[in-house]
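In what follows, a single structure is set out as structure tokens and then discussed.
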Amino acid sequence: MNVIEAIKQRRATKQFDSKFILSSDQKKQLIELVLENAPSAFNLQHWRPVLVEDPALRAQIREIAWDQPQVTDASMLIVLCAEVTSWQTKPQRVWEGATEQVKSLMTSAIDQYYRDRPQVQRDEIMRSAGIFAQTLMLAAKGQGLDSCPMDGFDFDAMAKLIKLPENHEVCLMIAVGKANTEPYPRTGKFDFSDVVKVDHF
Ligand SMILES: Cc1cc2nc3c(=O)[nH]c(=O)nc-3n(C[C@H](O)[C@H](O)[C@H](O)COP(=O)(O)O)c2cc1C
């Protein structure tokens, strides 16, 4: 499937076929595709996806997610978290392989950009998470799979359930599997003239 088709066909799936199973390898390959190719600011790859495999944990998550059936019925469930301090803990690692000059330039730029700017640090992880999620959902669609991005859950309760470490945030969940219903027609989309401004608001 080409990328335009994948964009057009991706829908937020509400009902997954609980009998449809992705193998561990299929899940790993899908996630690896995203890890290796999705963009992130300064290549910091702030994302820390938690792949939820334990059915008992899925059931607990469903309880704190408005009882949404995607949580237990989709074959793959990712709680997408991110490390807020990746600018501080990983700047050398993410420029491994670059020349010493590039490495030194980038690590100093990273430090200048994030240091003492908590709002920027948090904004960046959310931007990266959004891009990770959309890349994953389009990759899934390209493989004939369906998905749902989800933030309908209690974030504090989620942090406890997945034992979220310090300096990390929960960003959103992504469910991936096979839909067992047809999507509703798309509704209420803004068109170009509703939302696009040229040069200024
Ligand atoms: C950040 C985010 C959170 C969302 N949370 C949920 C959710 O908790 N449950 C759900 O069924 N859909 C959720 N959605 C899906 C949206 O409702 C859906 O994308 C929107 O209505 C447009 O429909 P479409 O994706 O099928 O085009 C979420 C979407 C985004 C981007």
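Numbering-wise, our numbering comes out as the position in the sequence shown, counting from 1, plus 2. The beta-carbon is built from N, C-alpha and C at its ideal position, and this holds for glycine as well.
Contact belief for residue i with residue j at Cβ below 8 Å, rounded distance in angstroms
{"i": "Lys190", "j": "Trp68", "result": "At residue 190 the sequence reads Gly, which differs from the Lys that was named. Not confirmed; about 22 Å, so no contact."}
{"i": "Glu208", "j": "His48", "result": "Examination of residue 208 is not possible in this model, given that the chain is present from 3 through 203 alone."}
{"i": "Ala43", "j": "Glu171", "result": "That belief does not hold up - the Cβ atoms of Ala43 and Glu171 are roughly 16 Å apart, past 8 Å."}
{"i": "Leu140", "j": "Cys83", "result": "Not really, about 21 Å apart at Cβ, beyond 8 Å."}
Rounded separation between residue i and residue j - CA only
{"i": "Glu98", "j": "Leu37", "result": "16 Å"}
{"i": "Gln17", "j": "Gly146", "result": "16 Å"}
{"i": "Asp158", "j": "Arg119", "result": "23 Å"}
{"i": "Val96", "j": "Ser110", "result": "13 Å"}
{"i": "Ile33", "j": "Val197", "result": "33 Å"}
{"i": "Ile133", "j": "Ala142", "result": "14 Å"}
{"i": "Leu107", "j": "Lys92", "result": "15 Å"}
{"i": "Asp27", "j": "Met78", "result": "12 Å"}
{"i": "Gly144", "j": "Met3", "result": "5 Å"}
{"i": "Pro185", "j": "Lys10", "result": "12 Å"}
{"i": "Ser195", "j": "Ile6", "result": "22 Å"}
{"i": "Gln94", "j": "Lys199", "result": "39 Å"}
{"i": "Ser130", "j": "Arg117", "result": "18 Å"}
{"i": "Phe203", "j": "Asp56", "result": "48 Å"}
{"i": "Gln114", "j": "Lys105", "result": "14 Å"}
{"i": "Gln136", "j": "Gln121", "result": "23 Å"}
{"i": "Leu138", "j": "Gln70", "result": "20 Å"}
Own chain partners of residue i with C-beta closer than 7 Å, once the 5 adjacent residues on each side are dropped
{"i": "Val81", "result": "Val52, Val54, Met160, Ile164, Val172, Met175"}
{"i": "Asp205", "result": "Residue 205 lies beyond the range of the chain shown here (3 to 203); nothing can be said about it."}
{"i": "Lys180", "result": "Phe18, Asp19, Phe22, Leu147, Asp148"}
{"i": "Asn182", "result": "Gln17, Phe18, Asp19"}
{"i": "Arg60", "result": "Val54, Val73, Thr74, Leu79"}
{"i": "Asn169", "result": "Glu85, Val86, Thr87"}
Beta-carbon contacts of residue i that lie in its chain and below 6 Å, excluding the five residues immediately before and after
{"i": "Cys150", "result": "Ala14, Thr15, Gln72, Ala177"}
{"i": "Ser88", "result": "Leu46, His48"}
{"i": "Arg64", "result": "Val73, Thr74"}
{"i": "Leu24", "result": "Ser77, Met78"}
{"i": "Lys29", "result": "Met78"}
Neighbourhood of residue i by C-beta distance below 8 Å, restricted to the same chain and skipping five residues each side
{"i": "Pro41", "result": "Ile133"}
{"i": "Asn39", "result": "Thr137"}
{"i": "Ile112", "result": "Phe44, Leu46, Trp89, Pro93"}
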